[in-house]
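Colleague:
2 protein chains.
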Amino acid sequence: MSGRLFVIGLGPGNANQVTPEANHAVAEAEFFYGYKPYVDRLELKPHQIRIASDNREELARAKEAIVKAADGHAVAVVSGGDPGVFAMAAAVCEAIEEGPAEWRDIDLQIVPGVTAMLAVAARAGAPLGHDFCAISLSDNLKPWDLIELRLLAAAGAGFVIALYNPISKARPWQLGRAFEALSAILPGTTPVIFGRAAGRPDERIEVASLAFARADMADMATCVIIGSAETRVIKRNGKPALVYTPRSATGRRE
Amino acid sequence: MSGRLFVIGLGPGNANQVTPEANHAVAEAEFFYGYKPYVDRLELKPHQIRIASDNREELARAKEAIVKAADGHAVAVVSGGDPGVFAMAAAVCEAIEEGPAEWRDIDLQIVPGVTAMLAVAARAGAPLGHDFCAISLSDNLKPWDLIELRLLAAAGAGFVIALYNPISKARPWQLGRAFEALSAILPGTTPVIFGRAAGRPDERIEVASLAFARADMADMATCVIIGSAETRVIKRNGKPALVYTPRSATGRRE
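As they're listed, the protein sequences go chains A and B. Position in the first sequence (from 1) plus 234 gives the number in this note's numbering. Position in the second sequence (from 1) plus 234 gives the number in this note's numbering.
This is how it looks when you write it as C-alpha cells:
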C-alpha cells in the first residue's frame, strides 16, 4: 500500500515567508528528509522524525524517502526556497523514473515556495523585472564549459542572470571565472547584487558594479544577481540603493 | 511627511500560497492599487480602500500609489505571483527614478511571492530542475525580434524556458511564432507544459510535445514552460505524467 510523499519548499528561511500550504504539508508528514540546515528549521511534534543528510546526497536521500513512502508512510522531503529550483523535486522525479514501477503510484505532492532569487530581488528593488535566467554555478553535475557557454549566451541576449550555488570550499574559483567571462560582454558598470540569507537575521545585501565584483563577496548562502546592460541603480539618501531592470527593452547596445 | 509603500506578491491565486509576510503587509495598508483581478482577491476591512485599474497601466498606477504614499499614507501595490517578475516592482522603481527626489525617501518594502512558473512547475513535476529562464512574450514593451533572439539563445544554450504573458486578444500570433522558432532547434518531442491558473479552482495543467503544441492551448492566465532537450516525461497509471529536467547535464546533443 502506497503512502504519501510531499516535496516541500520552506522559502528563504524566515517563518514569515513560508506558505500555509507548506505548513499544512509539514503537519501531515511523519518522516522528514533533507539537507540538515533545512530539516533543522522545522518545528516538529514529538511523533515526527527528522532524517538529515549532507548536501551532494540528493539522489540517495530521494530514494530513501520514496522507499519510506512506498512503505505506507506520510513522508516529506524538504528544501530551502522552492523545491523545483536546483533542489529536491528533480532528484525525487529522477529516483521515481529509475526506481521500481510501483514508485509511480505514490501520491506525490510538490509544494512550491519563494525561491532565493525572488527574496533577494525583493530586498534590492526589482532586478528581475525583465527577462532573466537562473543558472547553478555548480560544476558537480555539469561541465564548466557548459556553464560558461550558458553565461555568455544569457548575457549576450540581454537576460539578467541569477546565480545559485555560486561558491563553496570545493568550488572556489568558479564565481571569479564567471565574472571574468561576463566582463567581456557586459559593461563594467553592470550592477551585481550579492544577496546573502535574504529575510534571515544574518541577511546581507551588497551591490557592486561588475568591474569591482569579487568572488569573496559571496558564500554558500548567497544568491548572486547580475544585471543586464539595461539594469539601473537608484541612489537614495540614508537607504540602500534600489536596483531594477526596466520593463521595456530595445535590444540596442548604448 | 513620507508614508509607506508595500509592493506585495499575492502568489498564484490560492490563499494557501500567500505568505504570512504578504498578509501582514495587507493588514497594514490603507489604500490598495493593482490590476483589478488581483485587487479583487483581497479580503479587506471597511477602512481599507481598493483602487483597481486595467493592465497596461502599470506606470500610471505606480505613480498614483507613490503620490498617495508620499502624502503620508500606508499604501499597497499588489501583484499576482511575485511582484518582481513581470509585475509591479519594476514599474514602482521606474516611477521613483523618474519622479521628484522626495519619492526616494518613501519607506518601500517589496514582499516576494510564489511566482506562476514555480506553481506550475510544482504541479507538473520538476521541469525547472536545471538551468532555466523566464521570458515575457509580450511585445508591448520590447520588439518581437528581441524576443525571438532571446528564445533562440536560451533554447540553443539548453535552458528550459518559462513564458509569461504568452497570449492575449491583442497579441494572438506570438506564441505560435515562438513554437515555430523553437522547433528549428529543439526536438519535436520536447515537452511543453501549459499551466493555467495553477493552485486555483479552475486549474488546468496540460503537457504536449513541441511538435503538437498549439497557441490555442494557452490563454492570458497560462504560464507555458518549454523543456530543454534533456527534459523527461514519466508516465504514471491513473495519474498525470511527471515532467522533469534532470539535475545533471552534459551539454551534448543526443
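Even for Gly, the Cβ is constructed at its ideal location relative to N, Cα and C. As the structure is a prediction and not an experimental result, all values here were calculated from the model.
1) Give a yes or no on whether the C-beta atoms belonging to B/L409 and B/A475 are separated by under 9 Å.
2) Indicate whether the contact test is met: 3 or more Cβ pairs, each with one atom in the segment 344-362 of chain A and one in the segment 461-478 of chain A, closer than 8 Å.
3) When the Cα of A/M454 is compared with those of A/K403, A/E332, A/E255 and A/H307, which residue comes out closest?
4) May I have the straight-line CA-CA distance separating B/M351 from B/G315, to the nearest angstrom?
5) Which chain B residues are close to A/K297, counting only those with a beta carbon under 8 Å from its beta carbon?
6) Name, going along the chain, the residues of the segment 311-323 of chain A whose beta-carbon falls closer than 7 Å to a beta-carbon of chain B.
7) Which residues bound the alpha helix (DSSP H) around B/G410?
8) Please confirm whether B/E292 has its beta-carbon closer than 9 Å to some beta-carbon of chain A.
9) Mapping DSSP to helix, strand and coil, what is B/Q251?
10) Hey, out of B/A391, B/I468, B/P254 and B/R238, whose CA is closest to B/K302's CA?
11) Whole angstroms is fine: what's the gap from B/G390's alpha carbon to A/L386's?
12) I'd like the ranges of any alpha helix (DSSP H) spanning at least 4 consecutive residues and lying wholly in the segment 329-401 of chain B.
13) Going by C-alpha distance, which of A/I369, A/L244, A/V252 and A/N399 is nearest A/A289?
14) Give me the residue from A/L371, A/L380 and A/D365 with the minimum Cα distance to B/K376.
15) Return yes when the Cβ of B/S462 is within less than 9 Å of the Cβ of B/F393, no when it is not.
16) Provide the residue span of the beta strand (DSSP E) that contains A/E440, from first to last.
17) Less than 9 Å separating the beta-carbons of B/Y267 and B/V312?
18) On a CA-only basis, which of B/I381, B/E331, B/C327 and B/L444 is nearest B/I419? Give me that one, please.
19) Taking 8 Å as the cut-off, does the CB of A/L278 come closer than this to any heavy atom belonging to the ligand PLP?
20) By DSSP, does B/K403 sit in helix, in strand, or in coil?
21) For B/S372, does the count of other Cβ atoms within 10 angstroms reach 16, so buried, or fall short, so exposed?
22) Quick one: what does DSSP say A/A308 is sitting in, helix, strand or coil?
23) Determine the direct distance from the alpha carbon of A/T253 to that of B/T253, and round the result to whole angstroms.
24) Give the interface partners of B/T465 over in chain A, defined as CB-CB distance under 9 Å, in chain order.
25) With 16 as the cutoff for other CB atoms within 10 Å, does B/T349 come out buried or exposed?
26) Mind checking which residues open and close the beta strand (DSSP E) that includes B/K270?
27) Can you tell me the Cβ-Cβ gap for B/I460 and B/V426, rounded? I've got them flagged as a contact below 8 Å.
28) Should B/G245 go down as buried or exposed, given a rule of 16 or more other Cβ atoms within 10 Å for buried?
29) Near A/S287, what residues of its chain come up, given a Cβ to Cβ distance below 6 Å and the 5 sequence neighbours on each side ignored?
30) Tell me which same chain residues have a C-beta within less than 6 Å of the C-beta of A/A431, skipping the five on either side of it?
31) Taking Cβ positions only, does B/T253 come closer than 9 Å to chain C?
32) Given A/H307, which residues of its chain have a CB within under 7 Å of its CB, disregarding the five upstream and five downstream residues?
33) Nearest-angstrom Cα distance between B/R487 and B/P421?
34) With distances taken from CA atoms, which of B/A353, B/A324, B/T423 and B/E464 is nearest B/R434?
35) Mind checking whether A/I344 and A/I300 have CB atoms under 9 Å apart?
36) For B/I369, which option in B/R338, B/V273 and B/A321 has the closest C-alpha, if you only look at C-alpha atoms?
Modeller: By the coordinates alone:
1) Result no, Cβ atoms of B/L409 and B/A475 do not sit closer than 9 Å.
2) Yes, the segment 344-362 of chain A is in contact with the segment 461-478 of chain A.
3) That would be A/K403, whose Cα lies nearest to the Cα of A/M454.
4) Their Cα atoms are separated by approximately 9 Å.
5) Think of a sphere of 8 Å around the beta carbon of A/K297: no beta carbon from chain B falls inside it, the nearest being about 14 Å out.
6) Using a CB distance below 7 Å, the part of the segment 311-323 of chain A facing chain B consists of D316, G318, V319 and A323, ordered along the chain.
7) That run of the alpha helix (DSSP H) goes Q408 to S417.
8) Look at B/E292: its C-beta is under 9 Å from a C-beta on chain A.
9) Helix, per DSSP.
10) Of all alpha-carbon atoms in B/A391, B/I468, B/P254 and B/R238, the one lying nearest the alpha-carbon of B/K302 is that of B/R238.
11) Rounded to whole angstroms, B/G390 to A/L386 spans 12 Å at the Cα level.
12) Counting whole runs of 4 or more residues, the segment 329-401 of chain B contains the alpha helix (DSSP H) stretches 350-358 and 378-390.
13) One point to set straight first is that residue 289 of chain A is Asn, not Ala, in the sequence displayed. Of the listed residues, the one whose Cα sits closest to A/N289 is A/N399.
14) With distances taken between CA atoms, B/K376 lies nearest to A/D365 out of A/L371, A/L380 and A/D365.
15) B/F393 is a Cβ neighbour of B/S462, given a cutoff of 9 Å.
16) Per DSSP, A/E440 belongs to the beta strand (DSSP E) from R438 to S443.
17) Their beta carbons are under 9 Å apart, which means B/Y267 touches B/V312 by this criterion.
18) Checked all of B/I381, B/E331, B/C327 and B/L444; the closest Cα to B/I419 is B/L444.
19) As far as ligands go, the structure on display features none, and thus does not contain the ligand PLP.
20) Annotated three-state conformation of B/K403 is coil, per DSSP.
21) Under the 10 Å beta carbon count, B/S372 is surrounded by 16 or more other beta carbons and is classified as buried.
22) Here A/A308 sits in strand by DSSP.
23) Near 5 Å, if we compare the C-alpha coordinates of A/T253 and B/T253.
24) Residues of chain A whose Cβ lies closer than 9 Å to the Cβ of B/T465 do not exist, since the nearest Cβ in that chain is about 10 Å away.
25) Buried, by the Cβ-count rule.
26) Premise fails: B/K270 lies in the alpha helix (DSSP H), K270 to V273, not in any beta strand (DSSP E).
27) The C-beta distance from B/I460 to B/V426 rounds to 5 Å, short enough to meet the 8 Å contact threshold.
28) With 16 or more other Cβ atoms within 10 Å, it is buried.
29) These residues qualify, in order along the chain: R295.
30) Around A/A431: E437 and A455.
31) Considering every chain present, this structure includes no chain C. Its protein chains are A and B.
32) Contacts found: G237, E264 and F265.
33) Bear in mind that the predicted position of B/R487 carries a pLDDT of just 49, short of 50, making it too unreliable to give a figure here.
34) The option with the nearest alpha carbon to B/R434 is B/A353.
35) A/I344 places its beta carbon 9 Å or farther from that of A/I300.
36) That would be B/A321, whose Cα lies nearest to the Cα of B/I369.
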